[in-house]
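Below is one structure; the comments refer to it alone.
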Amino acid sequence: PGQSREQWPDGANLFCLYRGVVIIYGQNERSIAELVRNGYKTVRADIFAKKEFEAKGKHLAVVLDAYELSHGRGGARCMTQPWVRGW
37 PGQSREQWPD
47 GANLFCLYRG
57 VVIIYGQNER
67 SIAELVRNGY
77 KTVRADIFAK
87 KEFEAKGKHL
97 AVVLDAYELS
107 HGRGGARCMT
117 QPWVRGW
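Counting in my numbering, the sequence shown runs from 37 upward without gaps.
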């Protein structure tokens with residue numbers, strides 16, 4: 037049941053920043069629940085981005101509040117791809 041719900045906002049389209057730390061859309065609740073079930077803690081992106089936040093040694097799912105981005109069918113990994121423009 038969750039596959040069709042999370043297929044459209046690309047639940048599997050998360051991005052691994054480094055070992056044990058991934059970025060994922062907040063709307064992908066079932067994917068996040070599965071990460072939590074497997075030992076990940078969730079943290080909002082604005083908290084994670086603070087200089088004083090310590091992520092070392094933790095398994096984290098950084099949750100993006102990016103509802104509008106998913107309307108364009110992109111995801112966290114898609115946003116890291118280089119753009120090539122031939123003007």
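Glycine is no exception: its CB is placed at the ideal position from the N, C-alpha and C atoms.
C-alpha distance - Asp101 paired with Gly93, whole-angstrom precision:
24 Å
Please classify Val72: is it buried, with 16 or more other beta-carbons within 10 angstroms of its beta-carbon, or exposed?
exposed
Please tell me whether, using a cut-off of 6 Å, the distance from the CB of Glu70 to the nearest non-hydrogen atom of the ligand MN is below it.
The ligand MN is absent from the structure shown, which contains no ligand whatsoever.
Straight-line Cα distance separating Leu96 from Cys52
10 Å
Is Val99 near Thr78, with beta carbons less than 7 Å apart?
yes
Beta-ladder partner(s) of Arg66, from DSSP:
BP columns for Arg66 are empty, so no partner.
Endpoints, the alpha helix (DSSP H) within which Ala85 is located
No alpha helix (DSSP H) contains Ala85, which DSSP labels as neither H nor E.
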